[in-house]
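A.B. asks: Using the numbering used here, the first residue of the sequence shown is number 113, and each one after it goes up by one. Backbone N, C-alpha and C fix where the C-beta goes; we use that ideal spot for every residue, glycine too. None of the values given here were measured: they were computed from a predicted structure. Please read through the structure below; I'll follow up with questions.
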Amino acid sequence: MGWQSRTRTLQVFDTELSADTVEWCPLPQWSHVLACGTYQLQKGDEKQTAENCSAPSRIGRLYLFQCNPQPSFIPPLTETQRVDTPAILDLKWCHVPISDRPVLGMATASGQIQLYKLVEPQQGTCVLENELSTELGPDRLALSLDWSTGRGESSDVRVVSSDSSGSLTALSLGEAGLTAVCQWKAHDFEAWISAFSYWDTQIVYSGGDDCKLKGWDLRMSPSSPTFTSKRHTMGVCSIHSNPHREHILATGSYDENVLLWDGRSMKQPLSETAVGGGVWRLKWHPSQEHLLLAACMHNDFHILHCQKAMEGQDAPCPVLASYILHNSLAYGADWSRLPLSNSSPPSPQEPPQTVGLTESAGHLRIQYESPTASFDTSLEDDSGRYIPDRCPLPEKSSVPGPLSSSARDSQSLSCLMASCSFYDHMMHVWRWDWSPEEKQTPFEPTSSS
Numbered sequence: 113m114g115w116q117s118r119t120r121t122l123q124v125f126d127t128e129l130s131a132d133t134v135e136w137c138p139l140p141q142w143s144h145v146l147a148c149g150t151y152q153l154q155k156g157d158e159k160q161t162a163e164n165c166s167a168p169s170r171i172g173r174l175y176l177f178q179c180n181p182q183p184s185f186i187p188p189l190t191e192t193q194r195v196d197t198p199a200i201l202d203l204k205w206c207h208v209p210i211s212d213r214p215v216l217g218m219a220t221a222s223g224q225i226q227l228y229k230l231v232e233p234q235q236g237t238c239v240l241e242n243e244l245s246t247e248l249g250p251d252r253l254a255l256s257l258d259w260s261t262g263r264g265e266s267s268d269v270r271v272v273s274s275d276s277s278g279s280l281t282a283l284s285l286g287e288a289g290l291t292a293v294c295q296w297k298a299h300d301f302e303a304w305i306s307a308f309s310y311w312d313t314q315i316v317y318s319g320g321d322d323c324k325l326k327g328w329d330l331r332m333s334p335s336s337p338t339f340t341s342k343r344h345t346m347g348v349c350s351i352h353s354n355p356h357r358e359h360i361l362a363t364g365s366y367d368e369n370v371l372l373w374d375g376r377s378m379k380q381p382l383s384e385t386a387v388g389g390g391v392w393r394l395k396w397h398p399s400q401e402h403l404l405l406a407a408c409m410h411n412d413f414h415i416l417h418c419q420k421a422m423e424g425q426d427a428p429c430p431v432l433a434s435y436i437l438h439n440s441l442a443y444g445a446d447w448s449r450l451p452l453s454n455s456s457p458p459s460p461q462e463p464p465q466t467v468g469l470t471e472s473a474g475h476l477r478i479q480y481e482s483p484t485a486s487f488d489t490s491l492e493d494d495s496g497r498y499i500p501d502r503c504p505l506p507e508k509s510s511v512p513g514p515l516s517s518s519a520r521d522s523q524s525l526s527c528l529m530a531s532c533s534f535y536d537h538m539m540h541v542w543r544w545d546w547s548p549e550e551k552q553t554p555f556e557p558t559s560s561s
């Protein structure tokens, strides 16, 4: 049986400041809630001299939305709150309620981990309240955070964060608040990413601008990692533990590759997939263990099918779908847990987009900098040619049929997504539909409305 895949835009939102992170609430009762974080570098007055020039300030804004994805409601998002904050580098919802409420963690350019509690001041309306914050240390930016609760287990809730000094901090959330358990120097330069193993939450992974991927056991002295991998050839900026399949780990790097690993054997990855762009964020699907969403900086957003790689077949992961309608660096992306009807509503912006990549019609000179602007590496030579060369994506013809045992009995899969891009300060809400081909007839285009 052949399978047909398509993506379509439902709504576009201008975040005004550069957008770099989006997160749907994972708790069933609040799965209609979406948070978006922004980051803006404000440079000093050009007339200032070097002696009295102050350090550039970094400002941000936290947006909160509620979503109604039903076809009769267009657009699906309603903004319920915006809060001016320090620049935001990462957002993550705790996967379990804390004191019966959803909690959002935020990593900021002021070197803080801030926690916000979701409350309902009026029936049907949600807002975030600042609950507490913890300083990671002076003169550093908090670059990432992860909760230990990825499999929905509420015992011993902890947070791990990485920062611009190359350090990691493990924090425990208890009655006394968010308390640092340990902090250690993990990388020579920026530690872009930190993440728990969701199956053994004493294990932490980290990636840095020193091109190293490392593992740490919190039961042991953090003076030495459990492993160090130099398999990535540029900075490691994304790590996500698979919450459905034990030992499976996905990592991404500025080197434009997504690697899948078996955590029991970190000498060689299970697979390597070239996605044609630096991989800033990776997200496993909330219920389908083989689906992986990748935010690929200058090369858009892609959904990878990882079943064969996870079964030990040494081959790149096929691309099921690509979302190509952002016009700037693709940083934030997340799956929604909201159920969607099988019927696909027409897009208010444009006709459905069939799966595939197209070359950009315009030319955008990109400085490959991560949102922190703490380093500045040009991606193009003097003639405007991209460096390194654009890598072709894996062939889509190798895509298997059914997703997994939970999808074999269904006729289609429909997912709601959110993504954001940096310099054009845009957030998109879109849907992806994956269905069996009907007598090899492709989907008919739907006129925009």
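Could you compute how far the alpha carbon of valine 387 sits from the alpha carbon of asparagine 411?
C.D. replies: Going by the C-alpha atoms only, they are around 8 Å apart.
A.B. asks: Using the Cβ count rule (16 or more neighbours within 10 Å means buried), how would you classify proline 355?
C.D. replies: With 16 or more Cβ atoms within 10 Å of its Cβ, proline 355 is classed as buried.
A.B. asks: If you count every other CB in all the chains shown that lies within 10 Å of the CB of aspartate 258, and 16 or more means buried, which is it?
C.D. replies: Per the 10 Å Cβ criterion, buried.
A.B. asks: Work out the CA separation of leucine 248 and valine 370 for me, nearest whole Å.
C.D. replies: One C-alpha to the other measures close to 29 Å.
A.B. asks: From glutamine 314 to proline 209, what distance separates their C-alpha atoms?
C.D. replies: In a straight line, the C-alpha of glutamine 314 is about 21 Å away from that of proline 209.
A.B. asks: Could you work out which residue in Glu423, Gln295, Trp304, Lys379 is closest to serine 333 when comparing CA atoms only?
C.D. replies: When each option's Cα is compared against that of serine 333, the closest is Gln295.
A.B. asks: Taking DSSP as the reference, what is the three-state secondary structure of proline 140?
C.D. replies: In the structure shown, proline 140 sits in a helix (DSSP, three-state: H, G or I).
A.B. asks: Within 8 Å, do at least three Cβ pairs link the region 296 to 309 to the region 262 to 278?
C.D. replies: With a cut-off of 8 Å, the region 296 to 309 and the region 262 to 278 count as touching, because enough Cβ pairs lie within range.
A.B. asks: Just the C-alpha distance for alanine 362 and leucine 394, rounded to the nearest angstrom, thanks.
C.D. replies: Going from the Cα of alanine 362 to the Cα of leucine 394 covers about 7 Å.
A.B. asks: Less than 7 Å between C-beta atoms, sequence neighbours within five positions excluded: which residues of the same chain meet that for asparagine 242?
C.D. replies: Only Gln226, Tyr228 meet the Cβ criterion.
A.B. asks: Once you ignore the five residues that flank glycine 444 on each side, which residues in its own chain have a CB closer than 6 Å to its CB?
C.D. replies: So the list reads Asp132, Thr133, Val134, Cys532, once near-sequence residues are dropped.
A.B. asks: Roughly how many angstroms lie between the CA atoms of alanine 221 and serine 350, to the nearest whole one?
C.D. replies: Going by the C-alpha atoms only, they are around 18 Å apart.
A.B. asks: Can you tell me whether alanine 406 is helix, strand or coil according to DSSP?
C.D. replies: Reduced to three states, the DSSP call for alanine 406 is strand.
A.B. asks: Can you tell me where the alpha helix (DSSP H) with glutamine 419 in it begins and where it stops?
C.D. replies: From DSSP, the alpha helix (DSSP H) with glutamine 419 extends over 419 to 422.
A.B. asks: Applying the criterion that 16 or more other CB atoms from any shown protein chain within 10 Å of the CB defines a buried residue, is serine 377 buried or exposed?
C.D. replies: By the 10 Å Cβ count, serine 377 comes out exposed.
A.B. asks: Report the start-end ranges of each beta strand (DSSP E) in the region 281 to 340 that is 3 residues or longer and not cut off at the edges.
C.D. replies: Listed in chain order, the complete beta strand (DSSP E) runs (minimum 3 residues) inside the region 281 to 340 are 289 to 297, 305 to 308, 315 to 319, 325 to 329.
A.B. asks: How many angstroms separate the CA atom of leucine 325 from the CA atom of serine 256?
C.D. replies: So the alpha carbons of these two residues sit roughly 15 Å apart.
A.B. asks: According to DSSP, is phenylalanine 534 helix, strand or coil?
C.D. replies: Coil.
A.B. asks: Just grab the DSSP bridge partners of tyrosine 175 for me.
C.D. replies: Beta-bridge pairing links tyrosine 175 to Cys148, Arg194.
A.B. asks: May I ask which residues mark the beginning and end of the beta strand (DSSP E) holding proline 233?
C.D. replies: Element bounds for proline 233: 224 to 234.
A.B. asks: Under a Cβ-count criterion, where at least 16 other Cβ atoms within 10 Å of its own Cβ denotes burial, should valine 431 be classed as buried or exposed?
C.D. replies: Buried: at least 16 other Cβ atoms inside 10 Å.
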